[in-house]
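Line by line, the protein sequences give chains A and B.
Reading the first sequence from the start, the letters are residues 26 to 377 in the numbering used here.
Reading the second sequence from the start, the letters are residues 17 to 220 in the numbering used here.
Glycine residues also receive a C-beta, built at the ideal position from the N, C-alpha and C atoms.
Working notes for the structure below.
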Amino acid sequence: MSFLKKIPKPKSPETIYLITRVHGLRTHLFKPEDISSLSKASDLSVMVEALLKGDYAQDVSAIPSERINAVSLTEVFYKKLADRFYFLVKITKGSLREFFEAYAKRLEVENIKRILRAKHVKEIITEELLVPIPREHTVVNFPAMIEAKDLEESLGILKETMYAPLIDKIELYKRYNTTLIFEGLLDKIYFGELWKNVKKLSENDIKKRIGKEMDLKNLILILGLKAKNMPAELIEESLIEEYYKLDKKLISSLVKERPESIFDALLRTYYKNYFMKLRDEIEKGTISEIEHSVFNSLYNEDLKNMHEKPFRLSFVISYLSLCEFEAKNITSIATAKQLGLSEDKLRSILYL
Amino acid sequence: MSFAVRAAATKGVLLRLREQLGFIQKGKEILKMKREQLAGEINRLLTEVRVRGELEKEIMEAYEYLKKAHSMLGYQNLRSMALTVGQIDVSGLIYSVMGVLVPELRIEKEADISNVPSGVAYEAAEKLSPLITKIIKLAESEAKIERLVDEFMSTNRKVNALEQIVIPSIANTIRYIEGRLYEEMLEEFIRTKHVREAIRRRRV
């Protein structure tokens with residue numbers, strides 16, 4: 026019974042309620058072994074059969090059989106992800122609610138990015154290509170952004186939202202003709218807002234989890250943009266400005282680092298363990314493998330955290346993160362089954 | 017040989033046919049030269065088209081990257097990422113090779129993939145983007161070959177028709193008329209002799 030001594034004093038009945046609910050919700054998630062067995066499904070129909078027994082049953086069974094494909098399933102998976110995120114918003118209040126609201130805004134940010142990319146090339150975009158976010162949980166008028174005649178008009182719709190600083194970047198966007206400017210700023214705004222809310226919670230575990238994600242995103246972004254030979258100004262412009270274990274000076278030195286010495290520079294950071302085995306990938310600039318490896322480590326840390334800290338708020342963050350990984354994993358499986366990707370290749374892209 | 021039979025056996029026709037034969041033979045030589053030029057051009061283009069097998073392999077490899085990106089990101093996300101690829105600009109020109117109009121495609125602007133935000137989508141774009149240029153060049157060569165081969169076949173048929181039918185037929189007609197004229201000349205000669213003999217006998 027020694028583990029009982031480790032149980033921290035709960036801060037409030039709301040927190041206890043939240044953690045208890047998340048313990049229940051967690052059982053609805055696919056375990057790594059479930060993902061593994063889904064990946065072995067002979068085709069999409071076998072996967073759909075398996076999905077009809079779980080949390081996705083209602084939405085999957087609502088799809089007409091002739092419309093069942095990876096695209097319609099992905100829509101369902103991300104709808105469920107949004108429902109899971111906003112369920113926590115619904116059952117909490119005060120600073121916790123604000124934190125979950127800020128956390129869930131990553132879906133909103135993803136939608137804005139998709140609309141801006143389409144507007145950049147004057148391509149028509151429909152709501153089916155967006156993550157379905159319940160109207161009551163977003164202040165962004167996505168239908169109006171979609172209807173806008175061009176990118177500037179689309180950005181104008183964000184004027185009264187927290188994404189208003191995007192409007193000031195139109196000149197920079199025109200100079201470089203890239204939406205990376207907006208995408209970088211959106212991440213900056215998102216993590217800035219989230220970080221503010223994390224600080225309000227005064228829970229070190231949450232700070233650590235979100236801080237790590239933020240720093241690692243920055244490091245991967247630096248590696249990615251350097252591999253594309255982007256100018257240093259543009260790289261710095263695209264980075265998240267909040268840091269956990271990194272600082273502005275270190276980030277600037279990494280941005281200016283020569284490609285052949287960036288691996289050694291990464292080994293001098295707090296995050297050396299994430300990059301230690303990735304020398305070849307970093308030297309070759311295969312960002313997809315670096316990204317997958319780093320986020321797979323985060324996935325495993327989340328799983329570990331759920332076992333080790335079942336009574337902390339970080340348990341809830343790990344749950345949210347695992348929801349996102351689950352959506353990515355089952356999207357990958359459904360798409361791979363439809364495209365006939367081999368099982369080995371599929372397993373190499375899953376978070377396991 | 018109906019042509020030969022129908023022709024009037026006169027000196028005028030013979031002269032016209034000889035002129036025609038000379039003209040047709042010159043035409044045949046020009047067509048032969050054109051055929052050789054076309055064959056040379058087709059051979060040159062065939063070496064360009066030989067990369068097709070290799071290109072197909074490269075495309076299959078690139079599709080594996082695309083499949084990976086598609087599976088990792090899902091359709092909606094990948095489609096959105098694909099929109100960040102700058103459009104490729106291609107202009108088309110038409111020029112003439114031995115009178116055959118063939119297309120030429122010029123890539124004015126390569127696809128700019130530097131804005132693709134995701135690593136896996138970028139890698140797929142990096143593999144596919146140079147292949148688009150190669151595919152365009154291959155399509156251009158294939159279209160040229162198609163048109164040149166059509167013209168080559170038609171020229172070949174013309175040369176064969178001239179060599180096998182038209183020229184022998186005219187030559188036969190010429191021979192026939194020459195024969196007829198020679199016979200007429202002999203007849204005339206003998207008739208003249210007979211007339212002269214009859215006149216001589218009457219005088220005696």
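Is the segment 240-253 of chain A touching the segment 303-312 of chain A, taking contact as three or more C-beta pairs under 8 Å?
In short, these stretches touch, since the Cβ pair count reaches three.
Could you tell me which of A:Pro38, A:Ile44, A:Thr40, A:Glu39 sits nearest to A:Pro335, measuring between CA atoms?
Taking the first sequence and counting its residues from 1, one reaches residue 335 of chain A at position 310. If we check each option's Cα against that of A:Pro335, A:Ile44 comes out closest.
State yes or no: is the beta carbon of A:Ser67 nearer than 8 Å to at least one beta carbon in chain B?
Translated into positions along the first sequence, residue 67 of chain A becomes position 42. No, no contact with chain B.
Check whether the Cβ of A:Glu148 lies closer than 8 Å to any Cβ atom in chain B.
Within the first sequence, residue 148 of chain A is the residue found at index 123, counting from 1. The beta carbon of A:Glu148 falls within 8 Å of a beta carbon belonging to chain B, placing the residue at that interface.
Taking 8 Å as the threshold (beta carbon to beta carbon), is B:Glu139 in contact with chain A?
Translated into the one-based positions of the second sequence, residue 139 of chain B becomes position 123. Yes - at least one Cβ of chain A is within 8 Å of the one on B:Glu139.
Where does B:Pro133 land, buried or exposed, given buried means 16+ other C-beta within 10 angstroms?
If you number the second sequence from 1, residue 133 of chain B lands on position 117. Counting Cβ neighbours within 10 Å, B:Pro133 comes out buried, since at least 16 surround it.
Less than 8 Å between the C-beta atoms of A:Val114 and A:Phe125, yes or no?
The sequence position of residue 114 of chain A within the first sequence is 89, counting from 1. The sequence position of residue 125 of chain A within the first sequence is 100, counting from 1. Annotated as proximal: A:Val114 and A:Phe125, with beta-carbon spacing under 8 Å.
Which residues in chain A sit within 7 Å of B:Met169, going by Cβ to Cβ distance?
Here residue 169 of chain B is taken as the residue at index 153 of the second sequence, counted from 1. Taking a Cβ-Cβ cut-off of 7 Å, B:Met169 has no neighbours in chain A, whose nearest Cβ is about 42 Å from it.
If you measure from the beta carbon of B:Gly90 to each beta carbon in chain A, is any gap under 8 Å?
If you number the second sequence from 1, residue 90 of chain B lands on position 74. For B:Gly90, the nearest CB of chain A lies under 8 Å from its own CB, placing it at the interface with that chain.
Which residues in the same chain have their Cβ closer than 6 Å to the Cβ of B:Asn131, if we skip the five residues on either side of it in sequence?
Counted from its first residue, the second sequence places residue 131 of chain B at position 115. So the qualifying residues of the chain are Thr100.
Under 7 Å between beta-carbons, which chain A residues line up against B:Thr63? List them in chain order, please.
For this step, residue 63 of chain B is matched to residue 47 along the second sequence. Result: empty, since nearest Cβ-Cβ is about 33 Å, beyond 7 Å.
Are any of the Cβ atoms in chain B nearer than 8 Å to that of A:Ile265?
Translated into the one-based positions of the first sequence, residue 265 of chain A becomes position 240. No, A:Ile265 lies away from the interface with chain B (no Cβ there is under 8 Å from its Cβ).
So B:Lys84 contacts chain A; which residues on that side make the cut at Cβ distance below 8 Å?
One-based indexing of the second sequence puts residue 84 of chain B at position 68. Under the 8 Å cutoff, chain A gives Ser313, Leu366, Lys370, Ile374.
So what does DSSP say about A:Glu148, is it helix, strand or coil?
Your numbering for residue 148 of chain A matches position 123 in the first sequence. DSSP places A:Glu148 in coil when its eight states are reduced to three.
Counting contacts by CB-CB distance shorter than 8 Å, is B:Thr5 in contact with chain A?
Shown here, chain B extends from 17 to 220; a query on residue 5 of chain B therefore has no answer.
Stretch-stretch touch, CB-based, cutoff 8 Å, three pairs: the segment 86-100 of chain B with the segment 362-371 of chain A:
Touching, yes, given that three or more Cβ pairs across the two stretches are closer than 8 Å.
Euclidean distance between Cα positions of B:Tyr192 and B:Leu61
Stepping through the second sequence from its first residue, residue 192 of chain B is reached at position 176. Stepping through the second sequence from its first residue, residue 61 of chain B is reached at position 45. Rounded to whole angstroms, B:Tyr192 to B:Leu61 spans 47 Å at the Cα level.
Got a sec: is the Cβ-Cβ distance from A:Met255 to anything in chain B below 8 Å?
Counted from its first residue, the first sequence places residue 255 of chain A at position 230. So yes, A:Met255 belongs to the interface.
Which of the three DSSP states is assigned to A:Ser343 in this structure?
Here residue 343 of chain A is taken as the residue at index 318 of the first sequence, counted from 1. Annotated three-state conformation of A:Ser343 is helix, per DSSP.
Going by DSSP in three states, A:Pro284 sits in which element: helix, strand or coil?
Working through the first sequence from its first residue, we reach residue 284 of chain A at position 259. In the structure shown, A:Pro284 sits in a helix (DSSP, three-state: H, G or I).
Starting from the C-beta of A:Thr40, find all residues in its chain whose C-beta is less than 8 Å away, skip the five residues before and the five after it, and write them out in chain order.
Looking up residue 40 of chain A in the first sequence gives position 15. If we look at A:Thr40 and ignore the five residues flanking it on each side, its Cβ neighbours are Leu121, Leu338.
Determine the extent of the alpha helix (DSSP H) in which A:Asp68 is found, giving its start and end residues.
As a position in the first sequence, residue 68 of chain A is number 43, starting the count at 1. From DSSP, A:Asp68 is part of no alpha helix (DSSP H); its letter is neither H nor E.
What does A:Thr99 reach in chain B if we use C-beta pairs closer than 7 Å?
Counting from 1 along the first sequence, the entry for residue 99 of chain A is found at position 74. At a beta-carbon threshold of 7 Å, the residues of chain B lying near A:Thr99 are Gly90, Tyr91, Gln92, ordered along the chain.
Taking Cβ-Cβ distances shorter than 9 Å, what residues in chain B pair up with A:Glu316?
Position 291 of the first sequence holds residue 316 of chain A. Near A:Glu316 (Cβ distances below 9 Å), the residues of chain B are Ser134, Gly135, Val136.
Excluding the 5 residues preceding and the 5 following B:Ser18 in the sequence, name in chain order all residues of the same chain whose CB lies nearer than 7 Å to its CB.
Numbered from its first residue, the second sequence carries residue 18 of chain B at position 2. At B:Ser18 the pLDDT is 45, less than 50, meaning the model places this residue with poor confidence; the figure from the coordinates comes in the next sentence. Excluding sequence neighbours, B:Ser18 sits near nothing in its chain.
Could you tell me whether any Cβ in chain B is nearer than 8 Å to the Cβ of A:Ala143?
Against the first sequence, residue 143 of chain A aligns to sequence position 118. Closer than 8 Å: yes.
Could you tell me whether the segment 74-82 of chain B touches the segment 138-154 of chain B, where touching means 3 or more Cβ pairs closer than 8 Å?
Here the segment 74-82 of chain B lies against the segment 138-154 of chain B, with 3 or more beta-carbon pairs under 8 Å apart.
Burial state of B:Ile181 (16 or more Cβ within 10 Å):
Within the second sequence, the letter at position 165 stands for residue 181 of chain B. Its Cβ having fewer than 16 others within 10 Å, B:Ile181 is exposed.
Terminal residues of the beta strand (DSSP E) in which B:Ile236 lies
The question about residue 236 of chain B has no answer here: the residues shown for chain B are numbered 17 through 220.
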